[in-house]
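Colleague:
There are 2 protein chains.
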Amino acid sequence: MPRNRADVERDAKQEEILDAASRLFLADGVETTSMTKVASAAGVAKNTVYWYFKDKDALLLAVLGRELRLASGAWEVQAPDLADRMVAVVGLFARIDRLSSAVHARLRTSPLLAEWHARFHAGSDRWLGREIEVHLRSQGQQPLAPEELAAVVRIWTYAIEGLVAHEAPVDEVRRVCRVLVAQLRPTAAS
Amino acid sequence: MPRNRADVERDAKQEEILDAASRLFLADGVETTSMTKVASAAGVAKNTVYWYFKDKDALLLAVLGRELRLASGAWEVQAPDLADRMVAVVGLFARIDRLSSAVHARLRTSPLLAEWHARFHAGSDRWLGREIEVHLRSQGQQPLAPEELAAVVRIWTYAIEGLVAHEAPVDEVRRVCRVLVAQLRPTAAS
DNA sequence: ACCTGAACACCGTTCAAGT
DNA sequence: ACCTGAACACCGTTCAAGT
Numbered sequence: 004m005p006r007n008r009a010d011v012e013r014d015a016k017q018e019e020i021l022d023a024a025s026r027l028f029l030a031d032g033v034e035t036t037s038m039t040k041v042a043s044a045a046g047v048a049k050n051t052v053y054w055y056f057k058d059k060d061a062l063l064l065a066v067l068g069r070e071l072r073l074a075s076g077a078w079e080v081q082a083p084d085l086a087d088r089m090v091a092v093v094g095l096f097a098r099i100d101r102l103s104s105a106v107h108a109r110l111r112t113s114p115l116l117a118e119w120h121a122r123f124h125a126g127s128d129r130w131l132g133r134e135i136e137v138h139l140r141s142q143g144q145q146p147l148a149p150e151e152l153a154a155v156v157r158i159w160t161y162a163i164e165g166l167v168a169h170e171a172p173v174d175e176v177r178r179v180c181r182v183l184v185a186q187l188r189p190t191a192a193s
Numbered sequence: 004m005p006r007n008r009a010d011v012e013r014d015a016k017q018e019e020i021l022d023a024a025s026r027l028f029l030a031d032g033v034e035t036t037s038m039t040k041v042a043s044a045a046g047v048a049k050n051t052v053y054w055y056f057k058d059k060d061a062l063l064l065a066v067l068g069r070e071l072r073l074a075s076g077a078w079e080v081q082a083p084d085l086a087d088r089m090v091a092v093v094g095l096f097a098r099i100d101r102l103s104s105a106v107h108a109r110l111r112t113s114p115l116l117a118e119w120h121a122r123f124h125a126g127s128d129r130w131l132g133r134e135i136e137v138h139l140r141s142q143g144q145q146p147l148a149p150e151e152l153a154a155v156v157r158i159w160t161y162a163i164e165g166l167v168a169h170e171a172p173v174d175e176v177r178r179v180c181r182v183l184v185a186q187l188r189p190t191a192a193s
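Chains as they are written, first to last, in this note's numbering: chain A, 4 to 193; chain B, 4 to 193.
(1) Please name the residue in A:A191, A:W119 and A:D100 whose C-alpha comes closest to that of L147 of chain A.
(2) Keeping to the same chain, check which residues put their C-beta closer than 7 Å to that of S113 of chain A; ignore five residues upstream and five downstream.
(3) So within the segment 43 to 113 of chain A, which uninterrupted alpha helix (DSSP H) runs reach at least 4 residues, ignoring any that extend past its ends?
(4) Which class does G132 of chain B belong to by DSSP, given the choice of helix, strand or coil?
(5) I'd like to check one pair, A30 of chain B with V1 of chain B: are the Cβ atoms closer than 8 Å?
(6) Tell me which same chain residues have a C-beta within less than 7 Å of the C-beta of A2 of chain A, skipping the five on either side of it?
(7) Run down chain B in chain order and give the residues with a C-beta less than 8 Å from the C-beta of L183 of chain A.
(8) Given V156 of chain B, which residues of its chain have a CB within under 6 Å of its CB, disregarding the five upstream and five downstream residues?
(9) With 9 Å as the limit, tell me which residues of the segment 93 to 115 of chain A have their beta carbon closer than that to any beta carbon of chain B; keep them in chain order.
(10) Measure the C-alpha to C-alpha separation of D100 of chain A and L102 of chain B and round it to an integer number of angstroms.
(11) Rounded to whole angstroms, what's the CA-CA distance from Y53 of chain B to A117 of chain B? Just pull it up for me.
(12) If we call anything under 8 Å between Cβ atoms a contact, is S104 of chain B one with H169 of chain A?
(13) Report the rounded CA-to-CA distance for H124 of chain A versus G143 of chain A, giving the unit in angstroms.
(14) Using a C-beta to C-beta distance shorter than 8 Å, which residues of chain A count as neighbours of Q142 of chain B?
(15) Using the Cα positions of W119 of chain B and T35 of chain B, report the straight-line distance between them to the nearest angstrom.
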């Protein structure tokens, strides 16, 4: 199925709206940015936005997916140190902290966002778990019991979310990440 | 200055509005609860609410203060174990998780909420710091360096916020709290 | 001082109508 | 298929008017 000019132009228009929404959502927050603002920044009537996106949640999700894809380039930061890698991840999320706070706020109202959120956490849990296991092995330390690993992954996840949400200054981010890594070892917390 | 009948009735009316707001905010969330709903649940015209509370943020703050005061009775839970005490704290906050998510969502828009939030965290940081210091001493362990203690307090704070926000099931809360306590020791994370 | 009805400027969303 | 003007049912907040 070849992409004709119509297809390209459709994508272009959609991209313009996405651009506008992205810029406004990141800078001013999702709640503060009305659909009217998005539309007029994209140069269309406000109901036109609804032709391309089902509703505001769908628009948010599209912006989120796009920003995450953009970040995933820088994602594979191969700093040798795990703590440094975590600092980099917090840095990446700092850019989109207004988006994630909007997601958290609308979790109970929007099943669409709730599902996306669950999926996202499942993915990041796997990633974090592997990072931690690899780190321990490389340090010649004992691996963690599955239950303990799960708890540590939760702690790391909440730490990242907290640092991002509270816009922590870099040196605080660094200290927290270093302590997280330093505390890493089997404890046999029954 | 004696409290006359007028004073009492004023407080009664204010209390009724606060009751209604409390019930609705906790059950349905702050965003979903309109001022109209609060007013009609309290049996007044909606603009009457504005006679008692400056705006919706002020109403949220009043509800928050009251719920926190109510909780502070159960606050001094003297479970002997620190991990158990943390589990209890998470339980207390679980009740008002819709309130705190609303606070976090409106932090950038409302200076009033931002100031309250900063004050609250300053208080809870001091409390957590003391709890951790006392625990280490009671276990005959070395105290943490000030910088490391500060980082650990951040980690614990974010863990509590995360568990509350994500409505974690009790056994997950227990596992996370146990691991947090078990990991507690000086690490000299440079 | 306390409370109201009516209005204001918004909001997200929908719909009938145009091309 | 794509886009619009106009409307809908809300929202938080304000204001002039009543007691």
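Note that beta-carbon positions come from the ideal geometry of N, C-alpha and C, so glycine has one too. As the structure is a prediction and not an experimental result, all values here were calculated from the model.
Modeller: According to the data block:
(1) A:A191
(2) D60
(3) 52 to 55, 59 to 78, 85 to 98 and 100 to 109
(4) helix
(5) Here chain B covers residues 4 to 193 and nothing more, so residue 1 of chain B does not appear.
(6) Past the edges of chain A, shown from 4 to 193, lies residue 2 of chain A, and the structure says nothing about it.
(7) I158
(8) D128, L131 and G132
(9) R101, S104, A105, H107, A108, R109, L110, R111 and T112
(10) 20 Å
(11) 21 Å
(12) no
(13) 28 Å
(14) Those do not exist, as Q142 of chain B stays about 13 Å from chain A at its closest Cβ, beyond 8 Å.
(15) 22 Å
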